[in-house]
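Residue numbers (my numbering), protein chains in the order written: chain A, 6 to 513; chain B, 34 to 518. Take a look at the structure set out below.
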Amino acid sequence: MTIDHILTLLLAVPAVGLLPLYVFRNDPRSVKQVAVVTTLFELVLSLVMLVQFHPGEAGFQLVEQADWLPSLGIRYLVGVDGISVLLVPMTTLLTFISVLYSSGGAIKDRIASFMAAFLVLEIGMVGVFVSLDLFLFYVMFELMLVPMYLIIGIWGGPRRIYSTLKFVIFTLAGSLLMLVAIVAVWLASGDEGSRTLSLPELLASRSRFSADFQFWVFLAFGLAFAIKLPMVPFHTWLPDAHVEAPTAGSIILAGVLLKAGGYGFLRFALPLFPVGTQLWLPVIIVLSVIAILYGAAVSTVQKDLKKLVAYSSVAHMGFVTLGIFVLNSQGGVGAVLQMLNHGFVTGALFLFVGIQYERTHRRLIADLGGLANRWPLYTTFFGIFVLASLGLPGLNGFVGEFLVLLGTFKFSGVPLGGLFWGPVAALGVILAAVYLLWMFQRVMYGPVRDAYRALPDLSPIEVACAVPLLVLTVLLGVFPQAAIAIIEPSLQQVLRLATDPGFQVAFK
Amino acid sequence: MTAFVDTLTPVLPEVIVTITACIVLVVDGLLPRGQSRLVLPAMTVVGLALAFLSGPLAPPSGQYFGGFVQIDTFTTFFRAVFIVLAVFATLVAPSYLDRRGIPPGEYYATICFSTVGAMTIALSTDLITLFVGLELMTIPIYVLAGMQRRDRFANEAALKYFLLGAFSSALLVYGFAWLYGVTGSTRYIDVATELQRIGLANGPTIVALALVTVGLGFKAAVVPFHQWTPDAYDGAPTPATAFMSVGPKAAAFAAILRVLVSGLAPLQVDWSTVFAVLAAVTMTGGNIVALAQTNTKRMLAYSSIAHTGYILAAVAASAAGPSATAAVLFYVFAYGVMNLGAFACLLYFDIEGSRGATLEELNGFARRQPLGAFAFAIFLFSLTGIPPTVGFVAKFLVIQPVLDAGYAWLAVFIALNAVLAAFYYLRVVVHMYMYDPETGVPMVASTRLLSAALGLSAVATIVLGVLPNSLYEWALQAANPLLRQ
Chain A
6 MTIDHILTLL LAVPAVGLLP LYVFRNDPRS VKQVAVVTTL FELVLSLVML
56 VQFHPGEAGF QLVEQADWLP SLGIRYLVGV DGISVLLVPM TTLLTFISVL
106 YSSGGAIKDR IASFMAAFLV LEIGMVGVFV SLDLFLFYVM FELMLVPMYL
156 IIGIWGGPRR IYSTLKFVIF TLAGSLLMLV AIVAVWLASG DEGSRTLSLP
206 ELLASRSRFS ADFQFWVFLA FGLAFAIKLP MVPFHTWLPD AHVEAPTAGS
256 IILAGVLLKA GGYGFLRFAL PLFPVGTQLW LPVIIVLSVI AILYGAAVST
306 VQKDLKKLVA YSSVAHMGFV TLGIFVLNSQ GGVGAVLQML NHGFVTGALF
356 LFVGIQYERT HRRLIADLGG LANRWPLYTT FFGIFVLASL GLPGLNGFVG
406 EFLVLLGTFK FSGVPLGGLF WGPVAALGVI LAAVYLLWMF QRVMYGPVRD
456 AYRALPDLSP IEVACAVPLL VLTVLLGVFP QAAIAIIEPS LQQVLRLATD
506 PGFQVAFK
Chain B
34 MTAFVDTLTP VLPEVIVTIT ACIVLVVDGL LPRGQSRLVL PAMTVVGLAL
84 AFLSGPLAPP SGQYFGGFVQ IDTFTTFFRA VFIVLAVFAT LVAPSYLDRR
134 GIPPGEYYAT ICFSTVGAMT IALSTDLITL FVGLELMTIP IYVLAGMQRR
184 DRFANEAALK YFLLGAFSSA LLVYGFAWLY GVTGSTRYID VATELQRIGL
234 ANGPTIVALA LVTVGLGFKA AVVPFHQWTP DAYDGAPTPA TAFMSVGPKA
284 AAFAAILRVL VSGLAPLQVD WSTVFAVLAA VTMTGGNIVA LAQTNTKRML
334 AYSSIAHTGY ILAAVAASAA GPSATAAVLF YVFAYGVMNL GAFACLLYFD
384 IEGSRGATLE ELNGFARRQP LGAFAFAIFL FSLTGIPPTV GFVAKFLVIQ
434 PVLDAGYAWL AVFIALNAVL AAFYYLRVVV HMYMYDPETG VPMVASTRLL
484 SAALGLSAVA TIVLGVLPNS LYEWALQAAN PLLRQ
């Protein structure tokens, strides 16, 4: 079965879902049904899209385009390649799980607005991964911002307002500078009348970007992505946002929104600004290794369960940037896999922390303990995800981190060489085992509190949310080759573009 | 007789608006108070709509009235802007005027007269036409500001606005006199040609241009000539504030474009640096003071100063060609729609004993009036410059000529200022959506007409943000005549 205009459909379905949501806004039952059905439909559609994709080809597929602002050469241009094609179903799956979980009773107040925010968020997230025009990409990048601002600010914890404003102001500061850079790219892309912002044409005219220009523009793009990712030292909004966000918000924030930063580097910054990449590469590699170690070290001393998972994200994202900027196939494929794996695993960890919190109303590790005795099902799931997160071979977390480290060892284009930074980064993997296992031990084992004895194990809805993530965690761990085969050709093309400024490529 | 009618057809829209204003005044005297409440705004809207529709009937581009009047795409663009703004200011007013006991006939007629003045500025080719238009626009606004005769804040607003307005008009007319003295003409074209011949670097020319710049800077509320704005906006009746904050500003930029940009086109390199610095100071100054406000009406007043700065940045970039002027026009239109909307949203909070919505009064507004809060949020996001709103496209279009003209530092200034602005705009959203209404918070005033007008402009804010092409094409066309002069 082939569906035409499937990417546009993917962007349209959540928007269409808003209408019945508004009609039934006063009936929580219907609202939940509409939201679940819409996101499920979106998920199925994204799987159809995955089936229609031909793996093994490097170029963009399922491309659609239309004029948007013709006088400025701005077009509606969407398409997917091996890097983005897996991120889209990851997004739709995590959105579906978030909506399904929230409809189980986690959100009671203003549920119609909550679901509407999620649908708008989904448009933005899918849009970021399929946009091939910088203007469209920017619009989608920002479209993710407002719903998340409302989700944290309205349905979040006690310090939600401080956290959500911090999140928005940080992100906006980065992205507005990127906007200036986008305009600069537009001006440099051609003479008056032939200027453009669409990626294929920009790649064809990127030789016009001088080294000086690339230095500054890469800085602006990099700042936006580094804040979104987040890279140390721009990560300070992340723990606050995660701690205060409702569970579904945390899942999406960690699972998808952070990926927009890593994806932005791969899709736009590297191929468009090869010289800028080379100039900034040492800084980013050092910051990535710092993020890995610092994230792990700070996670170790966290008292708050959610903060621990949040800081572990900082470390995991360090692997993503490290893998991207060692500019070889192993590192790059590892980075994309790490994005996927982190989406599934950390999404799952936030889900389970949320499930636990909803029952015990405690997030401090010291207040918990002995839950393993009462909740066998919960413990099994949570345990597997913790093991995946710390990189146990056989589960997905291992594959990405292993490949990134492999790529780093092979890389020599940085002071002190990859043989220095690789082992240093590998320390982070050991630290991850320390903080995650220690946390698991303190939360799940030991004597159980009386107050927690009567609490129920996972409900059917919660199991339904966890099972797909578990299946993918095992599948990608045992058989990563399927994903690698899809990612590799496109990734190598990006690397060729990033390492050889003279390399030109024809896009379909 | 027909000859006389023929000479009037180029300015048919202006004539219709004037007649509307007169009819409204007469009918107001004839009708009992109860009926005038809805009849007058309906008549005003119909009159303005007729004026809008009569635009295409007027003869094609050209100069009329012995060269005192210029009809071109630029004129048409601004006519449409002013009429749209006036319609909006009319639609949101009725129940407010009722509550405050402001005579409706005077309000609507004043709005119309001021609109005629603004339209006159857009069609001027001569310093004299310009000055007549400017005064015709501002004098009714002094009246608007002080219409609540028994309110001491309104009196303060009107007096301040009048004194500083008169002062700036004096500066301006004095500058015009110098220009005439230097160049021997009041027509823009002749002034420009003469200035080009003698150059900028002589005392009298510099004095003349400085006076004109300062005078127009007062009208547009450019820092440091902005001090009248917050008090005037704050004290005036809210529907009038909504109109004041956009109409005269748009007109001031029409004047700046006509006089300084097209008139000084050959010399713009020297003059544009002044504008770039003024733009940076204006946006930063407006934003920083807006940050400190706890009253939403004052906050919006200061933020409108910041928006002057963004528009001025595009004016400074006029070396970049038509895209700069088009950016000014696009921004003026976008700003008109979103800022009028934002001020009009404050009408919900117009309760006995309150003056313009402190942040606490906004608490939980989203629960009390979901659609009104949603519209307000859209205007605020648009003012911040977050897509997919028209405000975002406007910012994008402004940054583009600014970079093109080589003012990279100014583009970065715009970006950082937008972050500053995000903080106070989003704080309003926080209060509306993220706090619960406290006990004792007064109910919100509501009228269907207000909600309908707000809904319409909120939809416009989004639609023009998603599909900005036709508006931008129109702005480009309107920018054309300025370049050919």
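From the three backbone atoms N, C-alpha and C, an ideal C-beta is built for every residue, glycine too. Since the model is a prediction, treat every value here as computed from it, not as a measurement.
My understanding is that residue i touches residue j, with C-beta atoms under 8 angstroms, so please give their C-beta distance in whole angstroms.
i                : j                : result
Phe29 (chain A)  : Val39 (chain A)  : 6 angstroms
Pro485 (chain A) : Gly87 (chain A)  : Not really, about 14 angstroms apart at Cβ, beyond 8 angstroms.
Val348 (chain B) : Ile289 (chain B) : 6 angstroms
Val185 (chain A) : Val445 (chain B) : 6 angstroms
Kindly indicate which residue of the options has the alpha-carbon position closest to the one of residue i.
i                : options                                   : result
Trp507 (chain B) : B:Ala359, B:Tyr458, B:Met170 and B:Tyr266 : B:Ala359
Leu376 (chain A) : A:Leu345, A:Pro461, A:Phe416 and A:Leu74  : A:Pro461
Ala126 (chain B) : B:Ala448, B:Ala486 and B:Glu47            : B:Ala486
Thr100 (chain A) : A:Val125, A:Leu77, A:Phe230 and A:Gly110  : A:Val125
Val5 (chain A)   : A:Val331, A:Lys312, A:Asp309 and A:Gly300 : Here chain A comprises residues numbered 6 to 513, so residue 5 (chain A) is not present and cannot be evaluated.
Leu258 (chain A) : A:Val314, A:Ser293 and A:Ala209           : A:Val314
Arg80 (chain A)  : A:Leu26, A:Gly162, A:Leu14 and A:Trp191   : A:Trp191
Gly138 (chain B) : B:Leu515, B:Pro420, B:Arg66 and B:Asp469  : B:Arg66
Asn378 (chain A) : A:Thr13, A:Glu249, A:Val453 and A:Gly337  : A:Val453
Tyr221 (chain B) : B:Leu156, B:Asn188, B:Val361 and B:Leu81  : B:Leu156
Taking 8 angstroms as the threshold (beta carbon to beta carbon), is residue i in contact with chain A?
i                : result
Pro470 (chain B) : no
Ile144 (chain B) : no
Gln518 (chain B) : Because the pLDDT of Gln518 (chain B) is 46, which lies under 50, any placement of that residue in the model is unreliable, and the question is left without a value.
Ile432 (chain B) : yes
Ala13 (chain B)  : Any answer about residue 13 (chain B) is impossible in this case: the structure gives chain B only from 34 up to 518.
Val452 (chain B) : yes
Ala512 (chain B) : no
Ala448 (chain B) : yes
Ala352 (chain B) : no
Leu416 (chain B) : no
Phe6 (chain B)   : Any answer about residue 6 (chain B) is impossible in this case: the structure gives chain B only from 34 up to 518.
Phe366 (chain B) : no
Which of the three DSSP states is assigned to residue i in this structure?
i                : result
Trp442 (chain B) : helix
Asn328 (chain B) : strand
Trp285 (chain A) : helix
Tyr368 (chain B) : helix
Glu69 (chain A)  : strand
Phe512 (chain A) : Note that Phe512 (chain A) scores a pLDDT of 44, beneath 50, so its modelled location is shaky and nothing firm can be said.
Identify the contact partners of residue i in chain A, using a Cβ-Cβ distance below 8 angstroms as the criterion.
i                : result
Ala437 (chain B) : The amino acid at residue 437 (chain B) is misidentified as Ala; the sequence shows Asp. Residues of chain A passing the Cβ test: Leu192.
Tyr97 (chain B)  : Correct list: empty, because the minimum Cβ distance to chain A is about 30 angstroms.
Phe195 (chain B) : What Phe195 (chain B) touches in chain A: nothing, since even the nearest Cβ is about 39 angstroms away.
Please list, in chain order, the chain B residues whose beta carbon lies closer than 9 angstroms to that of residue i.
i                : result
Pro276 (chain A) : Those within 9 angstroms of Pro276 (chain A) in chain B number zero; the least Cβ separation is about 22 angstroms.
Ala229 (chain A) : Those within 9 angstroms of Ala229 (chain A) in chain B number zero; the least Cβ separation is about 11 angstroms.
Leu139 (chain A) : Those do not exist, as Leu139 (chain A) stays about 11 angstroms from chain B at its closest Cβ, beyond 9 angstroms.
Determine whether the Cβ of residue i lies closer than 8 angstroms to any Cβ atom of chain B.
i                : result
Lys164 (chain A) : Per the sequence presented here, residue 164 (chain A) reads as Arg, with Lys not at that position. With 8 angstroms as the cut-off, Arg164 (chain A) does not count as an interface residue toward chain B.
Ala189 (chain A) : yes
Val331 (chain A) : no
Val21 (chain A)  : no
Val131 (chain A) : no
Val144 (chain A) : yes
Leu150 (chain A) : yes
Leu170 (chain A) : yes
Leu24 (chain A)  : no
Given that residue i touches chain B, what residues does it touch there, using C-beta distances under 7 angstroms?
i                : result
Gly158 (chain A) : Val463, Tyr466 and Met467
Glu147 (chain A) : Ile419 and Pro420
Leu155 (chain A) : Tyr466
Along chain B, in chain order, which residues have C-beta atoms closer than 8 angstroms to that of residue i?
i               : result
Leu74 (chain A) : Pro501, Asn502 and Tyr505
Val18 (chain A) : Residues of chain B passing the Cβ test: none, with the nearest at roughly 17 angstroms.
Heavy atom of the ligand GTP less than 7 angstroms from the Cβ of residue i, yes or no?
i                : result
Glu467 (chain A) : Ligands displayed in this structure: none; no statement on the ligand GTP is therefore possible.
Give the residues from the stretch 174–185 of chain A that approach chain E closer than 7 angstroms (Cβ to any Cβ), ordered along the chain. Given the protein chain composition of this structure (A and B), no chain E is represented.
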